[in-house]
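There are 4 protein chains.
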Amino acid sequence: MAVAELCLFPLGTGSPSVGEYLKPVIRVIEESGLKYRLCPMGTVVEGSVDEILELVKRCHEAIFNAGAERVVISLRIDDRTDKPLTIEGKMRV
Amino acid sequence: MAVAELCLFPLGTGSPSVGEYLKPVIRVIEESGLKYRLCPMGTVVEGSVDEILELVKRCHEAIFNAGAERVVISLRIDDRTDKPLTIEGKMRV
Amino acid sequence: MAVAELCLFPLGTGSPSVGEYLKPVIRVIEESGLKYRLCPMGTVVEGSVDEILELVKRCHEAIFNAGAERVVISLRIDDRTDKPLTIEGKMRV
Amino acid sequence: MAVAELCLFPLGTGSPSVGEYLKPVIRVIEESGLKYRLCPMGTVVEGSVDEILELVKRCHEAIFNAGAERVVISLRIDDRTDKPLTIEGKMRV
Chain Y
1 MAVAELCLFP LGTGSPSVGE YLKPVIRVIE ESGLKYRLCP MGTVVEGSVD
51 EILELVKRCH EAIFNAGAER VVISLRIDDR TDKPLTIEGK MRV
Chain R
1 MAVAELCLFP LGTGSPSVGE YLKPVIRVIE ESGLKYRLCP MGTVVEGSVD
51 EILELVKRCH EAIFNAGAER VVISLRIDDR TDKPLTIEGK MRV
Chain S
1 MAVAELCLFP LGTGSPSVGE YLKPVIRVIE ESGLKYRLCP MGTVVEGSVD
51 EILELVKRCH EAIFNAGAER VVISLRIDDR TDKPLTIEGK MRV
Chain F
1 MAVAELCLFP LGTGSPSVGE YLKPVIRVIE ESGLKYRLCP MGTVVEGSVD
51 EILELVKRCH EAIFNAGAER VVISLRIDDR TDKPLTIEGK MRV
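Protein chains in written order, with full-length UniProt numbering: chain Y, 1 to 93; chain R, 1 to 93; chain S, 1 to 93; chain F, 1 to 93.
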């Protein structure tokens, strides 16, 4: 399992408040069945790299479907083979 | 107030487990007096941009003092002038 | 077409110099057929979001095959529907 | 010397094209005297961590002075103590 953080920023929306574009994205993450945690600067998900990349693809579709004309997507994946990686485990430094 | 996420990755440490390098960084964040939240993929802090950049400087010193030879620091700041931004507020999409 | 920047950081290697882990990744990017540009802090590629995510998957495999035990992958995608986006175009501010 | 990549995304502008907000930022970087390179996904600068953080502060001011109401700033710093780090050097994998 890998752990990843995903953030999407719609540009050119006319208002600095972009929640209406992010709500459908959160819904896609909820419906993915992956373990996730909403954080102040992005959403953290737990899954295989394949599952995470598939989720990014669906979030990308969802935000354009919500009317965004331009989107910056930031993804950071942490993966390791020597021991299991989980959202819970990564909370303990 | 801005909200920022800070992540530090020491490279070349010999072991994929890097917690011993991050503990002194967390201590620096705790002692900064800034409001913060530990998240699975980084630490989120709330403060002015000046305070956040000063904190990044001290975290950078702390991880090299902990013995790291190379470090990648990732910082993402969200700031707005039209209304207040807080860690709590950013949890509500 | 979207434009994306991809960076991979192997953690826990014996040396802070990680070029040997990145060479196979660069080869995967070259062989993808996508337009790309090597930059000081990462590699920029141009393609559809599907092509970019498929490339991330192959780069992830390549760096673990090169012997990395833990990897942080950072990806930032810029995509827009209102006009074409290219590496060349993004060089003109 | 550290090498860093800096990207600024103004949110809530009337158009998905945000070049008018970025031009004053590029001017600040040019006037900093730091060695820099414009890249498709951000600007790469070379300097001490103090110089880089001071530059981030001035870029942050410049983009709000240009009329942005909300800005996401993404900064990634690569620093090492075991050998010199330069923009040129980082082009050779």
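Where a beta carbon is used, it is the ideal one built from N, C-alpha and C, also for glycine.
message: Tell me the rounded alpha-carbon separation between L38 of chain S and D78 of chain R.
response: 28 Å
field: Option nearest G47 of chain S by Cα separation, candidates S:L85, S:L22, S:L8
entry: S:L85
task: Note down the Cα distance separating G67 of chain R from P10 of chain S, rounded to an integer number of angstroms.
output: 18 Å
Counted within 10 angstroms of its Cβ, other Cβ atoms place E31 of chain F as buried (16 or more) or exposed: exposed
- request: Quick one: list the residues of chain Y neighbouring G14 of chain F, beta-carbon separation under 8 Å, in chain order.
  value: G12, G14
query: Does the Cβ-Cβ distance between I63 of chain Y and Y36 of chain Y come in under 8 Å?
result: no
- prompt: Using DSSP with H/G/I as helix, E/B as strand and the rest coil, what is I80 of chain R?
  reply: Note on residue identity: the sequence assigns Arg, not Ile, to residue 80 of chain R. Reduced to three states, the DSSP call for R80 of chain R is strand.
- prompt: When the Cα atoms are used, what is the spatial distance from G14 of chain S to S15 of chain R?
  reply: 8 Å
message: Please list the terminal residues of the continuous beta strand (DSSP E) segment that includes A4 of chain R.
response: 2-11
Bounding residues of the beta strand (DSSP E) (the contiguous stretch that carries E69 of chain S): First-last for E69 of chain S: undefined, no H or E at that position.
field: Simplified DSSP state of L34 of chain Y, which is helix, strand or coil
entry: coil
message: Nearest by alpha-carbon distance to G19 of chain Y: which of Y:G33, Y:P40, Y:A2 is it?
response: Y:P40
field: Distance CB(V49 of chain Y)-CB(I87 of chain Y) smaller than 8 Å
entry: no
query: How about R76 of chain S and A2 of chain S: are their beta carbons less than 8 Å apart?
result: no
task: Identify every residue that forms a DSSP beta bridge with T43 of chain Y.
output: Y:L6, Y:L38
query: Among the residues of its own chain, which have a CB less than 7 Å from the CB of I52 of chain S, if the five just before and after it don't count?
result: A2, A4, V45, I77
- prompt: Around the C-beta of R80 of chain S, are 16 or more other C-beta atoms found within 10 angstroms, so that it is buried, or is it exposed?
  reply: buried
Chain F residues whose Cβ lies nearer than 8 Å to that of E69 of chain R: R80, T81, D82
Burial state of residue 113 of chain R (16 or more Cβ within 10 Å): There is no way to answer for residue 113 of chain R, as the model of chain R reaches only from 1 to 93.
query: Cβ-heavy atom distance between I52 of chain F and the ligand ATP below 7 Å?
result: For the ligand ATP, the structure offers nothing, since it holds no ligand at all.
task: Specify the secondary structure class of L75 of chain F as computed by DSSP and reduced to three states.
output: strand
message: Counting only Cβ-Cβ distances shorter than 7 Å, please list the residues of the stretch 20-38 of chain F near chain Y, keeping chain order.
response: none
field: Residue closest to L6 of chain R, alpha-carbon to alpha-carbon, out of R:E54, R:S17, R:G12
entry: R:E54
- prompt: So which of F:N65, F:V72, F:R92 has the shortest CA-CA distance to V28 of chain F?
  reply: F:N65
query: What's the gap between the Cα of K90 of chain Y and the Cα of V56 of chain F?
result: 29 Å
field: Closer than 7 Å at the beta carbon, the chain Y residues around F64 of chain F
entry: Those within 7 Å of F64 of chain F in chain Y number zero; the least Cβ separation is about 12 Å.
field: Three-way DSSP call (helix, strand, coil) for P92 of chain Y in this model
entry: For clarity, residue 92 of chain Y is Arg in the given sequence; the question names Pro instead. Of the three classes helix, strand and coil, the one that applies to R92 of chain Y here is coil, per DSSP.
- prompt: Applying a beta-carbon distance threshold of less than 7 Å, which residues of chain S neighbour L75 of chain Y?
  reply: L75
- prompt: How long is the line joining the alpha carbons of R92 of chain S and K83 of chain S, rounded to whole angstroms?
  reply: 15 Å
message: For G33 of chain F, count the other beta carbons within 10 Å of its own beta carbon; 16 or more makes it buried, fewer makes it exposed. Which is it?
response: exposed
- request: State the Cα-Cα distance for the pair I73 of chain R and E61 of chain F, rounded to the nearest angstrom.
  value: 22 Å
task: Give the DSSP-derived three-state secondary structure of P24 of chain R in the structure shown.
output: helix
message: For the stretch 43-60 of chain Y, list every residue whose C-beta sits within 7 Å of some C-beta in chain R, in sequence order.
response: V44
message: Residues of chain S with CB closer than 9 Å to the CB of residue 174 of chain R, please, in chain order.
response: Here chain R has residues from 1 to 93 only, and residue 174 of chain R is not among them.
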